[in-house]
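In our numbering, the protein residues as written are -18 to 139. Heads up, the beta-carbon is just placed ideally off N, CA and C, and yes, glycines get one too. Treat the numbers as computed from the prediction; the structure is a model and nothing was measured. Read the structure below first, then the notes.
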């Protein structure tokens, strides 16, 4: 799930994962579990009690990607979905404060990091990312009103 705080602050959080890569919160849906319900459950597990107030709807869905071989010990394929939702600054700050109380904090998730969306972004993008999180970040920023469709001048993207 990708978020952006409302203007004028233009903040974008990502997670630092257990493997040292940056990514977005999420996980696997249980059999028969609707995608939005699965994501809301994963948000509570990874982000803590403040995530219970977040509601995701089909309109927040921004895309999906099929992976030929699944993760988590699966031999089958896996489909990842990207949800984009704006947060108010107070919602983001509540997530940051409550993250240490999340069940997965210190295990699967090491904490939230605010992505530098200004001159520091090119350097940030040199980090390691989980799956296609880097591409998801770059693709969703225009939807959050952070950049125009042309992106940032001088930024090299794959």
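Would you grab the beta carbon distance between residue i and residue j for me? Rounded to a whole angstrom, and I think it's under 8 Å.
i	j	result
residue 154	residue 43	For residue 154 there is no data in the structure shown, the boundaries of the chain being -18 and 139.
residue 89	residue -1	5 Å
residue 114	residue 5	6 Å
residue 17	residue 38	6 Å
Just curious, the alpha helix (DSSP H) that residue i is in, first and last residue?
i	result
residue 122	That residue, residue 122, is in no alpha helix (DSSP H); it is neither H nor E in DSSP.
To which residues of the same chain is residue i closer than 6 Å at the C-beta, ignoring the five residues directly before and after it?
i	result
residue 61	46
residue 27	6, 83, 85, 90
residue 109	2
If you drop the 5 nearest sequence neighbours on each side, which residues of the same chain put their C-beta closer than 7 Å to that of residue i?
i	result
residue 80	28, 29, 86, 92, 93
The segment 26 to 39 contacting the segment 67 to 79, beta-carbon criterion three pairs below 8 Å: yes
- request: Kindly provide the ranges of any beta strand (DSSP E) runs that are 3 or more residues long and lie completely inside the segment 35 to 101, ordered along the chain.
  value: 42 to 48, 59 to 68, 90 to 96
Contained beta strand (DSSP E) runs [length at least 3] in the segment -16 to 26, N- to C-terminal order: -7 to -2
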